[in-house]
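Numbering (the numbering used here), first residue to last: 9 to 95.
Cβ coordinates follow ideal geometry from the N, Cα and C atoms, glycine included.
No experiment lies behind these values; they were computed from the predicted model shown.
See structure below.
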């Protein structure tokens, strides 16, 4: 069940919201005039979310490369990388 708080709580109960976000690693949804406005989460949770997004993006890019035939055998790739490292 998502945690939903009114915007006034950011000012009046900031420490409580911050503690919740850090303890549970979940966002708190902030409403303004009864409608969804913001999602607040800890820096750690935000960085984890960004990391997952980046991983999924890279996986998708790899799958697209495979479909387009832009791949090579592992041994060939490692040989090329080693050559580059020796330069």
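Under the 8 Å Cβ criterion, the stretch 37 to 57 does not count as touching the stretch 68 to 88, having fewer than three qualifying pairs. Distance between residue 83 and residue 59, taken at the CA atoms: about 28 Å. Here residue 52 is near residue 33, since their CB atoms are less than 8 Å apart. The residue among 78, 81, 35 with its C-alpha nearest the C-alpha of residue 9 is 35. Straight through space, the alpha carbons of residue 63 and residue 55 are spaced by roughly 12 Å.
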